[in-house]
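Participant:
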Amino acid sequence: MFSLGIDRALWHIWQEKPHAGPWSSWASLGGVLTSSPSSVDNSDGRLEVFARGTDNALWHIWQDKPHAGPWSSWASLGGGITSDPAVVDNSDGRLEVFARGTDNALWHIWQEEPHAAPWSGWASLGGQITSDPAGVINSDGRLEVFARGTDNALWHIWQEKPHAGPWSTWTSLGGQITSDPEVFINSDGRLEVFARGTDKALWHIWQDKPHAGPWSGWASLGGGITSDPAVVDNSDGRLEVFARGTDNALWHIWQEEPHAAPWSGWASLGGQITSDPAAIANSDGRLEVFARGTDNALWHIWQDKPHSGPWSGWASLGGVLLSDPLAA
């Protein structure tokens, strides 16, 4: 788990055994950051974390060995960004990072070789976006990026070939959204995007076929949410979405069948949270959700069994968080 501390450094905490406690103590990775972090596994297994620095450039830090320290020093990738970065792994193993620039266009930078420097220069993909971007890899290997436009609709752009240009032009998927979009790939290969609507309900839209249009129309999943949604897939292939409710508790809703409707009703997992939630699947298939509490500590809750309840009670992992938590 990663988060900014009150000193704006990047802090992390980790399980000392796979899918189980105990947890480590919090440790600082340094830096002075001005965005929430984003991370991904390199194709050689090493974690890499990206965030905006005080100079508005993109900075990154990485493990020197797979799933272990030591970590590198912070290094700048330049640029001038005005959003949280979004990082995606290309199908050929190269990382690619997307962020909004000072001109509100989408900019990107990428590794020229898998899990290694050098990095490209920054390049613009155009557009006019008003949210953090959300990137994903289609089941055919092509990257696709989603963001809210100046009209509050959802817009997207995609690679026309796997791990390569050219990129498409920007296309609108309509809707009226008031959160950052969250995209996930269903177990049958179809992308599905979730966002909060103007009515504070959770709305979603999906590809009708894997890695291709047409897209469905927007549909409401109801609820009353006050955070960006967090989406994860259960080990049986069903998507599950988490968000903060108007009562500041954590709420969730899930597909009752893999990659398909119907969806459950909303259910509360309790707690009092003050950040967007972060959800992840443990290696044994159990979901675990993290969020900042009213005491600014990191709190978590987890399934007692893979892809099913009951859920544990909330437990504190301590710390003092300045940003939304990042699960990696």
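Going by UniProt numbering, the residue at position 26 of the sequence shown is 26; the numbering climbs one at a time, nothing skipped. Ideal Cβ positions, reconstructed from N, Cα and C, are used throughout, including at glycine.
When you compare the CB positions of Ser3 and Ser323, do they come within less than 8 Å of one another, or not?
Facilitator: Yes, they are a contact pair.
Participant: Is the Cβ-Cβ distance between Arg238 and His19 less than 8 Å?
Facilitator: Cβ distance not < 8 Å, so Arg238 and His19 don't count as in contact.
Participant: Please report the distance separating the alpha-carbon of Ser120 from that of Ser179.
Facilitator: Distance between the alpha carbons of Ser120 and Ser179 is about 30 Å.
Participant: Can you round the beta-carbon distance between Leu125 and His108 to whole angstroms, since I take them to be within the 8 Å contact cut?
Facilitator: That pair is a contact at about 6 Å.
Participant: Roughly how many angstroms lie between the CA atoms of Trp122 and Ser28, to the nearest whole one?
Facilitator: Each residue's Cα considered, the two are about 29 Å apart.
Participant: Are there three or more Cβ pairs, one per stretch, closer than 8 Å when the segment 202-218 is compared with the segment 160-179?
Facilitator: Taking 8 Å as the limit for Cβ pairs, the verdict is that the segment 160-179 does touch the segment 202-218.
Participant: Taking C-beta to C-beta, are Ala291 and Val320 nearer than 8 Å?
Facilitator: No; because the gap between Cβ atoms is not below 8 Å, this pair is not in contact.
Participant: Where do the N-terminal and C-terminal ends of the beta strand (DSSP E) with Ile61 fall, by residue?
Facilitator: Run containing Ile61: 58-65, per the beta strand (DSSP E) assignment.
Participant: Measuring straight from C-alpha to C-alpha, what distance separates Arg52 and Pro214?
Facilitator: Computed Cα separation, rounded: 35 Å.
Participant: Excluding five sequence neighbours on each side, which residues of the same chain lie with their C-beta closer than 6 Å to the C-beta of Trp266?
Facilitator: Counting only Cβ-Cβ distances below 6 Å, and skipping sequence neighbours, we find Gly223, Trp251, Ile253.
Participant: Kindly list the residues whose CB is nearer than 8 Å to the CB of Trp302, restricted to its own chain and excluding five residues on each side of it in sequence; keep chain order.
Facilitator: Excluding residues within five positions, the ones whose Cβ falls inside 8 Å are Asn282, Arg286, Leu287, Glu288, Val289, Trp311, Ser312.
Participant: Below 6 Å CB to CB, which residues in the same chain sit around Val32 once its five sequence neighbours on both sides are set aside?
Facilitator: Once the five neighbours on either side are set aside, the close Cβ partners of Val32 are Arg8, Thr54.
Participant: Look at Thr274 and Gly245 and say whether their C-beta atoms are less than 8 Å apart.
Facilitator: Not closer than 8 Å, so no.
Participant: In whole angstroms, what is the alpha-carbon distance linking Thr169 and Ser91?
Facilitator: If you take the alpha carbons of Thr169 and Ser91, they lie about 21 Å apart.
Participant: Does the distance from the C-beta atom of Ala278 to that of Ala230 stay below 8 Å?
Facilitator: Closer than 8 Å, so yes.
Participant: May I have the straight-line CA-CA distance separating Ser36 from Gly5, to the nearest angstrom?
Facilitator: Cα to Cα, the separation comes out at about 11 Å.
Participant: If I'm right that Ala86 touches Pro133 with Cβ under 8 Å, what's the distance once you round it to whole angstroms?
Facilitator: That belief holds up - the Cβ atoms of Ala86 and Pro133 are roughly 5 Å apart, short of 8 Å.
Participant: In or out: Trp14 buried (at least 16 other Cβ within 10 Å) or exposed?
Facilitator: Looking at its Cβ environment, which holds fewer than 16 other Cβ atoms inside 10 Å, Trp14 is exposed.
Participant: Return the CA-CA distance between Lys209 and Ile137, expressed in angstroms with no decimal places.
Facilitator: In a straight line, the C-alpha of Lys209 is about 15 Å away from that of Ile137.
Participant: Using a Cβ-based criterion (distance less than 7 Å to any ligand heavy atom), does Val136 qualify as near the ligand MG?
Facilitator: Looking for the ligand MG in the displayed structure turns up nothing, as the structure carries no ligands at all.
Participant: Give the DSSP bridge partners of Ser268, in chain order.
Facilitator: Answer is Trp251, bridged to Ser268.
Participant: Applying the criterion that 16 or more other CB atoms from any shown protein chain within 10 Å of the CB defines a buried residue, is Glu113 buried or exposed?
Facilitator: So Glu113 counts as exposed.
Participant: Just the Cα atoms here: how many angstroms apart are Thr228 and Pro181?
Facilitator: Reading off the sequence, residue 228 comes out as Asp, not Thr. Looking at the two C-alpha atoms, the distance is approximately 7 Å.
Participant: Apart from the five residues just before and just after Ser235, which ones in its own chain have a Cβ nearer than 6 Å to its Cβ?
Facilitator: Here the set comprises Gly285, Pro306, His307.
Participant: Which residues does DSSP list as the beta-bridge partners of Ala123?
Facilitator: DSSP, once it has assigned bridges, lists His108 as partnering Ala123.
Participant: Run through the DSSP bridge pairs and tell me what His245 is partnered with.
Facilitator: Reading the sequence as shown, one finds Gly at residue 245 and not His. Answer is Ile225.
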